[in-house]
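Our numbering numbers the first residue of the sequence shown as 1338 and each following residue consecutively.
Just so it is clear, CB atoms sit at the ideal spot from N, CA and C, and this is done for glycine as well.
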Amino acid sequence: MSDKQAVSAKNDRDFINEQFVKACRFLESKSYESGEKALLELLEKVPGDLNVNLKLIECYINQGKYLDAFKVLSGILPEHGDTRAVLLVTPIVLFCLNDYDGAYKATLLLTEDERKDRQIQNIIQHSIMFVRFDEYSSLAEQDVIGLIEAKSISESDFFSIAQQLAGFKLGLKNKELNLNMNELVSDQLLLKLLSFSYIRSAALEDVITALRNKLLTFSLAEMELPDSLVELAQAVSMQSFNNEYVHYISEAEEEMLSELEEMLARLVESEEWSPFDVEGLFLLLCMYRRLYDLPFKDKLLEVEMAAWPESLKPLVKLTLYDVNEEVSWLEKVESIGTVDSDVSSAVQKQYEESPYPRWSQLYLPQAKSSYQEYMRNNIYGYEEPEQSKEDYDVLVAGCGTGFHPLSLAGSINGNITAIDLSKQSLAYALMSAEKQGISGVNFYQLDLLKVKDLKRDFDVVESVGVLHHMNDPEEGLKALLAVVRPGGYLRLGLYSEISRQQLVKLRELYVKSGMSPTAHNIRAVRQTMMNSQAAQDVFGVVNQFSDFYAMSPCRDLIFHAQEHRFTLPQIKKLLKKHKLKFLGFSGLKRTVVEAFVQTYDVDSLVNLDAWAEFEKANPNTFNCMYQFMTQVPD
Ligand SMILES: C[S@@+](CC[C@H](N)C(=O)[O-])C[C@H]1O[C@@H](n2cnc3c(N)ncnc32)[C@H](O)[C@@H]1O
């Protein structure tokens, strides 16, 4: 290089350095447009310069120009893809573009220290639930366990990721099941997955059922549960409790369980017995049965909690004492009148045996509001009248286990009355009201066909998921309308024919079986459903229906004593016949409403013809049920 060339090169370098420093100052002072201009000028001179490109990415991100940031990143990836700075910025750019799967997977390429960075931690927490894994990742497992322990991930989000990872570990992908109990017993992810709530995957259910069988068979052959397997048996027992014992039990298992039960019964009836002597055998039984359902439950109830071994205490609490407490609430349920209709009796029997839904937590607003405001926030297309009163009298008809009226009681000002056919559901509701500290809801056991026996009327009647379980839903509608004050409101939830199409195919399998819906039969028919070739196409969809994976929700979903389904034209006709004004739907996903408004307009939110057309084009618009508000004439 000649002296002249060297001087010119130095001048160029100086210019580049100066320009870069200038651009950095612009960014520091948040003058992003000037910074962008300076960086783009620089890139004309040094197009491949890594630092300049990275600064430009930062500049674009700060301006919300995510696509531009992505374009710059794509340009430097081929040459600098392995560079730490590029690896670090990649998840940030992808996250900004809402590519959560890509963003999370990009964090897996970072070092342990880099992943501790606050921004990266934030990306991990908010993207992990959207990931579709192709293979097992121990880092992802650590992330999901960390998030669940820190309580920074919801139950359903935890499940979406934990089930995928557990599936790989259990060998679901390569169809060679890993039932190595010594390995699985220390598997924190699996243990948490089983204990936390019920699993929602047919494939995983198969493995857990096989694992349970192996634990039982192996331990009974030895006549003891080895200490090393206690934690696993505990987790499997918790899983059975969580799914309300819906998993299939083979005949061979039933035989072994009968023997086990008889053996424990003899022991418990004898005067001198200690739960410590038979800790393992009880744990085995807990994998299949609630302790409260055993014929010798009264003897077990005589044993104080302190006398049970540590490994059994959580199960004894949940499956013996808590159930006993729930039952004790039965006598506090006030009944009005009798149930005369056959269908009401069959439906009542179902919900006495399987109260639904079982729930533990309410999601309440910071402060209560008026019912009108509640409607404004929840009913799409609802227009508030100019005048309204503050405290409404509300009836919840078919209140089930109380989630619905207690949520209302914690959200609105007013007086709430709740009725249901099922005493067991009402006992659960009363007990939950006390646990949640919510007072003021009056619960009664009463067939809604006889709601007039309450001898009063209401500003609002809400009945969600109820009328379609009656012999004649219109008869139920008339009974409810008779207690709504003029100008008052009626909110209904009715099954959608279109969105339940796939479930109907499963229900047909049940109807064809001709079996009565006992727990034993539901387990057997469910197993046939899961194995049947005809149901394979349905299962893709059923996996969306987590209700399939626990007893009372599954019974409600597919094995119901009575089920009607509606189309929107039918609902329109029904509302017209009873002079009800349609005020709008609730319970829809925000994205669905946005898509609807884009296709039609805001005014059409109360147009049932438009919704019927929209649902036809988008069969998953309504999640199984239409939930909507109507108003009766003045
Ligand atoms: C699917 S559950 C819905 C519970 C509640 N509405 C909810 O959304 O969580 C249906 C409830 O309606 C009740 N039910 C059905 N027919 C009824 C009737 N004729 N009178 C009163 N309750 C009834 C059942 O006992 C059951 O608890």
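**Prompt:** Contact check, Leu1553 vs Leu1521 under 8 Å by CB: the rounded distance?
**Reply:** Your numbering for residue 1553 matches position 216 in the sequence shown. Your numbering for residue 1521 matches position 184 in the sequence shown. Actually they do not touch by this definition, with Cβ atoms about 15 Å apart.
**Burial state of Arg1927, where buried means 16 or more other Cβ atoms lie within 10 Å** = In the sequence shown, counting from the first residue as 1, residue 1927 sits at position 590. The residue in question, Arg1927, is exposed, as its Cβ has fewer than 16 Cβ neighbours within 10 Å.
**Asked** Given that a residue counts as buried once 16 or more other Cβ atoms are within 10 Å of its Cβ, and exposed if not, what is Gln1935?
**Response** In the sequence shown, residue 1935 corresponds to position 598, counting from 1. That one is exposed.
**Message:** Do Ile1716 and Leu1920 have their beta-carbon atoms positioned less than 8 Å apart in this structure?
**Reply:** The residue labelled residue 1920 in the question sits at position 583 within the sequence shown. The residue labelled residue 1716 in the question sits at position 379 within the sequence shown. With contacts defined as CB atoms closer than 8 Å, Leu1920 and Ile1716 qualify as a contacting pair.
**Close beta carbons around Glu1373, own chain, < 6 Å, minus the five adjacent residues each side** = By one-based count along the sequence shown, residue 1373 stands at place 36. Taken in chain order, the residues that qualify are Cys1396.
**Item:** Straight-line gap, Leu1434 to Thr1546 (C-alpha atoms, nearest Å)
**Value:** For this step, residue 1434 is matched to residue 97 along the sequence shown. For this step, residue 1546 is matched to residue 209 along the sequence shown. Going from the Cα of Leu1434 to the Cα of Thr1546 covers about 41 Å.
**Prompt:** Between the C-alpha atoms of Ala1683 and Gln1899, what's the straight-line distance to the nearest angstrom?
**Reply:** Taking the first residue of the sequence shown as position 1, residue 1683 is located at position 346. Taking the first residue of the sequence shown as position 1, residue 1899 is located at position 562. If I take the Cα positions, the gap works out to 8 Å.
**Message:** Need the endpoints of the beta strand (DSSP E) that Ser1800 sits in, please.
**Reply:** As a first step, residue 1800 must be located in the sequence shown, where it is residue number 463. Bounds of the beta strand (DSSP E) holding Ser1800 are Phe1795 to Val1801.
**Asked** With burial defined as no fewer than 16 other Cβ atoms inside 10 Å of the residue's Cβ, what is the status of Ile1789: buried or exposed?
**Response** Against the sequence shown, residue 1789 aligns to sequence position 452. Contrary to the premise, residue 1789 reads as Lys rather than Ile in this sequence. It is exposed - the Cβ of Lys1789 has fewer than 16 other Cβ atoms within 10 Å.
**Message:** Given 7 Å as the limit, tell me if Leu1785 has its C-beta closer than that to any heavy atom belonging to ligand 1.
**Reply:** Taking the sequence shown and counting its residues from 1, the one referred to as residue 1785 is at position 448. Flag set: Cβ of Leu1785 near ligand 1.
**Request:** Select from Glu1931, Asn1388 and Val1430 the residue whose C-alpha is nearest the C-alpha of Phe1407.
**Result:** Reading the sequence shown from its first residue, position 70 is the one you call residue 1407. Checking every option, the nearest Cα to that of Phe1407 belongs to Val1430.
**Asked** Distance, Cα to Cα, Gly1735 vs His1805?
**Response** The residue given as residue 1735 occupies position 398 in the sequence shown. The residue given as residue 1805 occupies position 468 in the sequence shown. If you take the alpha carbons of Gly1735 and His1805, they lie about 11 Å apart.
**Request:** Mind checking who Glu1592 pairs with in its DSSP beta bridge?
**Result:** The residue you call residue 1592 lines up with position 255 of the sequence shown. BP columns for Glu1592 are empty, so no partner.
**Asked** CA-CA distance, Asn1944 and Glu1799?
**Response** In the sequence shown, the residue the question calls residue 1944 occupies position 607. In the sequence shown, the residue the question calls residue 1799 occupies position 462. Rounded to the nearest angstrom, the two C-alpha atoms are 21 Å apart.
**Item:** beta-carbon Leu1607 near ligand 1 non-hydrogen atom, thresh 7 Å
**Value:** Taking the first residue of the sequence shown as 1, we reach residue 1607 at position 270. The question names Leu, but residue 1607 in the sequence shown is Ser. No, the beta carbon of Ser1607 sits no closer than 7 Å to any heavy atom of ligand 1.
**Message:** Between Gln2024 and ligand 1, is there a pair consisting of the residue's CB and a ligand heavy atom that are separated by less than 7 Å?
**Reply:** Past the edges of the chain, shown from 1338 to 1971, lies residue 2024, and the structure says nothing about it.
**Asked** Looking at Glu1727 and Ser1707, is the spacing between their C-beta atoms short of 8 Å?
**Response** For this step, residue 1707 is matched to residue 370 along the sequence shown. For this step, residue 1727 is matched to residue 390 along the sequence shown. Yes, Cβ-Cβ distance for Ser1707 and Glu1727 is below 8 Å.
**Asked** Could you check where the beta strand (DSSP E) with Val1733 kicks off and where it finishes?
**Response** Looking up residue 1733 in the sequence shown gives position 396. It spans Tyr1729 to Ala1734 - the beta strand (DSSP E) in which Val1733 sits, taken as one unbroken run.
**Extent of the continuous alpha helix (DSSP H) run through Tyr1826** = Position 489 of the sequence shown, counted from the first residue, corresponds to residue 1826. From DSSP, Tyr1826 is part of no alpha helix (DSSP H) but of the beta strand (DSSP E) over Val1821 to Tyr1832.
**Item:** Nearest-angstrom Cα separation, counted from Lys1916 out to Ala1972
**Value:** Because the chain spans 1338 through 1971 in this model, residue 1972 falls outside it and cannot be assessed.
**Message:** For Ile1460 and Gln1687, I'd like the C-alpha separation in whole angstroms.
**Reply:** Sequence index remark: in the sequence shown, residue 1460 carries index 123 (1-based). Sequence index remark: in the sequence shown, residue 1687 carries index 350 (1-based). About 45 Å.
**Item:** Short Cβ contact (8 Å threshold) for Ala1422 with Lys1392
**Value:** As a first step, residue 1422 is located in the sequence shown; it is residue number 85 there, counting from the start. As a first step, residue 1392 is located in the sequence shown; it is residue number 55 there, counting from the start. In this structure, Lys1392 does not lie closer than 8 Å to Ala1422 by Cβ.
**Request:** Tell me whether Gln1576 is buried or exposed, calling it buried when 16 or more other Cβ atoms sit within 10 Å of its Cβ.
**Result:** Walking along the sequence shown from the start, residue 1576 turns up at place 239. Classification for Gln1576: buried.
**Request:** Tell me whether Phe1795 is buried or exposed, calling it buried when 16 or more other Cβ atoms sit within 10 Å of its Cβ.
**Result:** One-based indexing of the sequence shown puts residue 1795 at position 458. Answer is buried; the Cβ neighbour count reaches 16.
**Request:** Count the other CB atoms, across all protein chains shown, that sit within 10 Å of the CB of Gly1851; report buried if there are 16 or more and exposed otherwise.
**Result:** Along the sequence shown, read from residue 1 onward, the residue named residue 1851 stands at position 514. It is exposed - the Cβ of Gly1851 has fewer than 16 other Cβ atoms within 10 Å.
**Cα-Cα separation between Pro1702 and Ser1493, rounded to whole angstroms** = Within the sequence shown, the letter at position 365 stands for residue 1702. Within the sequence shown, the letter at position 156 stands for residue 1493. One C-alpha to the other measures close to 21 Å.
**Request:** Check whether the Cβ of His1806 lies closer than 7 Å to any heavy atom of ligand 1, and answer yes or no.
**Result:** Counting from 1 along the sequence shown, the entry for residue 1806 is found at position 469. Yes, the Cβ of His1806 comes within 7 Å of a heavy atom of ligand 1.
**Request:** Could you tell me the distance, in whole angstroms, from the CA atom of Ser1611 to the CA atom of Trp1645?
**Result:** One-based indexing of the sequence shown puts residue 1611 at position 274. One-based indexing of the sequence shown puts residue 1645 at position 308. One C-alpha to the other measures close to 8 Å.
**Prompt:** Distance, Cα to Cα, Asn1808 vs Asp1679?
**Reply:** In the sequence shown, counting from the first residue as 1, residue 1808 sits at position 471. In the sequence shown, counting from the first residue as 1, residue 1679 sits at position 342. If I take the Cα positions, the gap works out to 8 Å.
**Request:** Would you identify the three-state DSSP class for Leu1785, choosing helix, strand or coil?
**Result:** Your numbering for residue 1785 matches position 448 in the sequence shown. Reduced to three states, the DSSP call for Leu1785 is helix.
**Request:** Compute the beta-carbon to beta-carbon distance between Val1409 and Ile1394, rounded to the nearest angstrom, for a pair I have assumed lies under 8 Å.
**Result:** Here residue 1409 corresponds to residue number 72 of the sequence shown, with the count starting at 1. Here residue 1394 corresponds to residue number 57 of the sequence shown, with the count starting at 1. The beta-carbon separation of Val1409 and Ile1394, rounded to 5 Å, stays under the 8 Å limit for a contact.
**Asked** Mind checking whether the beta-carbon of Tyr1832 lies closer than 7 Å to any heavy atom of ligand 1?
**Response** To locate residue 1832, count along the sequence shown from 1; it is residue 495. Not under cutoff, so the answer is no.
**Request:** Verify the contact flag: Ser1762, CB atom, against every heavy atom of ligand 3, threshold strictly below 7 Å.
**Result:** Ligands displayed in this structure: ligand 1; ligand 3 is not among them.
**Beta-carbon spacing of Gly1830, Tyr1963 below 8 Å** = Locating residue 1830 in the sequence shown gives position 493, where the first residue counts as 1. Locating residue 1963 in the sequence shown gives position 626, where the first residue counts as 1. For the 8 Å CB-CB criterion, Gly1830 and Tyr1963 form a contact.
**Neighbourhood of Gln1479 by C-beta distance below 7 Å, restricted to the same chain and skipping five residues each side** = Residue 1479 sits at position 142 when you count from the first residue of the sequence shown. Same-chain partners within the cutoff: there are none.
**Message:** Among Leu1425, Ile1536, Thr1427 and Tyr1441, whose alpha-carbon lies nearest the alpha-carbon of Met1888?
**Reply:** Residue 1888 sits at position 551 when you count from the first residue of the sequence shown. With distances taken between Cα atoms, Met1888 lies closest to Ile1536.
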